[in-house]
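Enquirer:
In the numbering used here, the protein residues as written are 3 to 646.
So this is what it looks like as structure tokens:
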């Protein structure tokens with residue numbers, strides 16, 4: 003159809019819908035070149051270059067047009083109108099709902115500089131969240147928290163005036179600038195399109211991160227609203243189908259799951275309270291059961307988590323959702339060590355899950371655990387063969403890249419096949435060498451091949467910084483311990499490395515060597531700082547030396563007043579000594595560092611009750627009650643204070 007106008011119809015239709023999209027202009031130019039209409043081709047390339055001058059294909063097309071003979075054939079009127087149109091770039095708002103995010107929102111808003119407007123809806127902060135956000139030019143609005151995330155999101159949307167909206171949470175960071183987001187709006191945005199980037203959750207360590215897709219960017223239209231008390235999603239209120247479009251040129255990094263265990267527990271319990279209400283309101287909604295299963299797993303209630311995911315699996319009607327529910331079921335069974343059940347379910351539902359790398363990894367680990375090594379190896383190879391850039395709905399970190407090779411290396415290590423260990427891990431070290439399990443297998447391989455000098459040099463480099471993930475040193479300790487005296491010089495060197503500090507402390511605690519912990523932590527103060535004093539205080543307490551422990555906690559707090567655990571532990575120590583005034587000051591200090599720390603609230607209420615200061619205890623109790631009304635400690639303290 004080189005001489006037919008029909009060849010020009012598909013790109014023309016695309017450009018009518020997305021006149022600022024670069025991709026349709028390139029095939030349009032190609033079609034015109036194929037018809038030797040160089041003037042029109044040059045005009046199409048010119049528009050694409052104006053929209054995105056750095057686009058590689060645009061530059062290549064421009065070079066091709068430059069080598070063409072000059073043309074004087076008039077451009078058809080309909081195409082002339084498309085080429086001449088100067089459609090302005092849509093404006094873009096960044097929209098957040100927040101509460102007590104003063105420590106997070108600064109970095110969040112720094113990552114989204116360049117927005118046409120920033121809308122922040124505060125649902126009851128008692129810290130400086132609004133003040134910090136205002137520094138970035140945010141419009142601050144206020145609304146009461148109604149136990150409904152969708153309601154809060156929709157209230158925030160009511161204040162947006164821009165053409166498009168980007169949703170971000172305060173504990174997230176945009177990776178890829180707003181210019182990239184705007185380009186994806188130009189290329190893919192439509193009235194019913196919701197752009198779905200990846201969200202990367204940083205886990206509690208370097209090995210437990212996850213990623214998933216979620217709708218975060220959409221046109222600001224009256225029919226676009228959020229639905230869902232929790233795990234809210236964008237819907238069209240007029241019944242039009244939402245088009246979810248995966249984008250990979252930008253993403254979010256989520257820091258919210260890397261807090262303290264108490265913080266994660268409180269967050270999970272809050273989420274479960276909302277999910278219970280969702281299940282009561284919509285008991286047949288499979289999403290409610292699905293998310294309830296995930297939350298129950300985070301708090302370790304594996305039996306109920308499994309039951310909820312089974313209910314979700316049975317209620318979902320599409321294969322994609324059923325496959326995802328089954329994957330999480332397998333992962334929960336793995337947490338519970340139910341390897342035979344994983345094999346039974348995994349074999350039964352392979353058709354639903356075979357495109358998910360974590361399915362193959364979970365099934366492979368289960369096979370390995372019951373002694374079926376060949377089947378395990380097959381599963382790990384299947385995961386390794388999936389496309390490394392495949393679109394993820396949900397995945398654990400490395401499931402498509404380094405994890406399959408890690409598991410293959412571990413299989414080889416278990417049978418002493420050091421050659422295969424190194425063949426699997428060494429090619430990955432340049433890119434993924436900061437992952438502790440990979441690094442430790444490489445360390446193991448070096449020692450197994452009697453390359454001790456290289457192993458020591460690698461260990462020194464890996465553990466040279468205090469911020470090194472704890473799992474790195476822990477893994478190296480596990481490699482060295484079976485070697486006994488042969489590894490004594492490496493152990494001596496490891497003790498001197500800043501990145502090994504936490505592993506050494508845990509080793510001393512496990513052996514109850516409190517005197518050595520006192521010595522080691524004090525010697526580590528110049529490098530480690532306040533946390534070393536914190537560990538020394540713990541050792542003094544175990545040695546029944548409360549006065550020395552109190553001094554060490556004081557030094558930790560002096561070195562870092564933001565070390566909430568030092569304040570909290572000082573409060574616990576003082577309460578045990580019935581020094582209620584010091585305990586009060588300490589727990590108040592803990593709450594100054596972390597205003598919504600539920601454990602510190604409970605401890606402080608208890609201390610205030612001992613002091614007979616009910617007036618001071620009641621406001622704190624009300625806040626704890628609002629946070630976790632069904633918690634046993636809240637119920638008990640209500641009786642102590644006489645408020646129920």
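Think of the CB as a built atom: it goes at the ideal place given N, C-alpha and C, for glycine as much as any other residue.
1. DSSP state of residue 5, grouped into three classes?
2. Using 9 Å as the threshold, is the C-beta distance between residue 24 and residue 185 below it?
3. Could you tell me which uninterrupted alpha helix (DSSP H) segments, each at least 4 residues in length, are contained entirely in the segment 385 to 451, listed from first to last along the chain?
4. Look at the alpha carbon of residue 96 and the alpha carbon of residue 121, and state the distance between them as a whole number of angstroms.
5. Can you round the beta-carbon distance between residue 558 and residue 568 to whole angstroms, since I take them to be within the 8 Å contact cut?
6. Roughly how many whole angstroms lie between the Cα atoms of residue 22 and residue 467?
7. Roughly how many angstroms lie between the CA atoms of residue 38 and residue 16, to the nearest whole one?
8. Can you grab the Cα-Cα spacing for the pair residue 233 / residue 293, in whole Å?
9. Comparing alpha-carbon positions, which option in 512, 443, 511 lies nearest residue 482?
10. Is residue 476 helix, strand or coil when you go by DSSP?
11. Hey, is the segment 152 to 161 in contact with the segment 126 to 140, meaning 3+ C-beta pairs nearer than 8 Å?
12. I need the DSSP call for residue 489, collapsed to helix, strand or coil.
13. Taking three-plus beta-carbon pairs below 8 Å as touching, is the segment 164 to 176 in contact with the segment 356 to 373?
14. Do you know how far the Cα of residue 602 is from the Cα of residue 628?
15. Taking Cβ positions, are residue 296 and residue 307 nearer each other than 9 Å?
16. Any contact of the segment 98 to 107 with the segment 75 to 82, i.e. 3+ C-beta pairs under 8 Å?
17. Within its chain, find whatever has a CB closer than 7 Å to the CB of residue 326; leave out the 5 residues flanking it on each side and keep chain order.
18. Quick one: residues in its chain with C-beta nearer than 7 Å to the C-beta of residue 5, no 5 flanking neighbours on either side, listed in chain order?
19. From residue 448 to residue 430, what distance separates their C-alpha atoms?
20. For the alpha helix (DSSP H) that residue 554 lies in, which residues bound it at each end?
21. Between the C-alpha atoms of residue 257 and residue 506, what's the straight-line distance to the nearest angstrom?
22. With distances taken from CA atoms, which of 69, 106, 67, 183 is nearest residue 1?
23. What's the C-alpha gap between residue 242 and residue 194?
24. Have a look at the DSSP bridge pairing and note the partners of residue 124.
25. Which residues in the same chain as residue 370 place their Cβ atom closer than 6 Å to its Cβ, once the five residues preceding and following it in sequence are excluded?
26. Take residue 341 and list the residues in its own chain whose beta-carbon comes closer than 7 Å to its own, dropping the five residues that flank it on each side.
27. Could you compute how far the alpha carbon of residue 61 sits from the alpha carbon of residue 109?
28. List the DSSP bridge partners of residue 201.
29. Output the boundary residues of the beta strand (DSSP E) element that contains residue 613.
30. Going by DSSP in three states, residue 636 sits in which element: helix, strand or coil?
31. Just how far apart, CA to CA, sit residue 3 and residue 187?
32. Count the other CB atoms within 10 Å of the CB of residue 389; is the residue buried (16 or more) or exposed (fewer)?
33. Pick out whichever of 132, 572, 255 has its Cα sitting closest to the Cα of residue 399.
34. What does a CB cutoff of less than 7 Å around residue 642 pick up in its chain, not counting 5 residues either side in sequence?
35. Alpha carbons only, please: which of 445, 599, 533, 35 is nearest the one belonging to residue 480?
36. Which residue marks the beginning of the alpha helix (DSSP H) containing residue 467, and which one marks its end?
Expert: The structure says:
1. Only weak support exists for where residue 5 lies, its pLDDT of 46 falling under 50; the coordinates are left without a value.
2. Contact annotation: residue 24 and residue 185 have beta-carbon atoms nearer than 9 Å.
3. Within the segment 385 to 451, the complete alpha helix (DSSP H) runs of at least 4 residues are 405 to 416, 420 to 427, 431 to 434, 438 to 450.
4. So the two alpha carbons sit approximately 6 Å from each other.
5. In this structure residue 558 touches residue 568 by the C-beta definition: roughly 4 Å separates them, less than 8 Å.
6. Straight-line Cα distance between these residues: approximately 47 Å.
7. Those two C-alpha atoms are separated by around 22 Å.
8. C-alpha separation (whole angstroms): 8 Å.
9. If we check each option's Cα against that of residue 482, 443 comes out closest.
10. Taken through DSSP and simplified to helix, strand or coil, residue 476 comes out as helix.
11. Here the segment 152 to 161 does not lie against the segment 126 to 140, with fewer than 3 beta-carbon pairs under 8 Å apart.
12. Helix at residue 489.
13. Contact between the segment 164 to 176 and the segment 356 to 373 is absent: fewer than three C-beta pairs spanning the two stretches fall below 8 Å.
14. Roughly 15 Å separates the two Cα atoms.
15. If you check the CB distance, residue 296 and residue 307 come in under 9 Å.
16. Short answer: they don't touch.
17. These residues qualify, in order along the chain: 395, 396.
18. The pLDDT assigned to residue 5 is 46, lower than 50, so where the model puts this residue is not dependable; a value taken from the coordinates is nonetheless given after this. Only 37 meet the Cβ criterion.
19. So the two alpha carbons sit approximately 15 Å from each other.
20. Where residue 554 is concerned, the enclosing alpha helix (DSSP H) starts and stops at 548 to 561.
21. Each residue's Cα considered, the two are about 27 Å apart.
22. No statement about residue 1 is possible, as the shown extent of the chain runs from 3 to 646 and does not include it.
23. Approximately 7 Å, taken between the alpha carbons.
24. In the DSSP assignment, the residues bridged to residue 124 are 100, 144.
25. Here the set comprises 378.
26. Around residue 341: 368, 371, 372.
27. Distance between the alpha carbons of residue 61 and residue 109: 35 Å.
28. 214, 254.
29. It is not in any beta strand (DSSP E) - residue 613 carries neither H nor E in the DSSP assignment.
30. Collapsing the DSSP output to three states places residue 636 in a helix.
31. With a pLDDT of 42 at residue 3, under the threshold of 50, the modelled position of this residue cannot be trusted, and the question is left open.
32. Burial call: exposed.
33. Comparing Cα positions, the closest option is 255.
34. For residue 642, the CB contacts under 7 Å within the same chain, skipping 5 residues up- and downstream, are 611 in chain order.
35. Answer by Cα proximity: 445.
36. First-last for residue 467: undefined, no H or E at that position.
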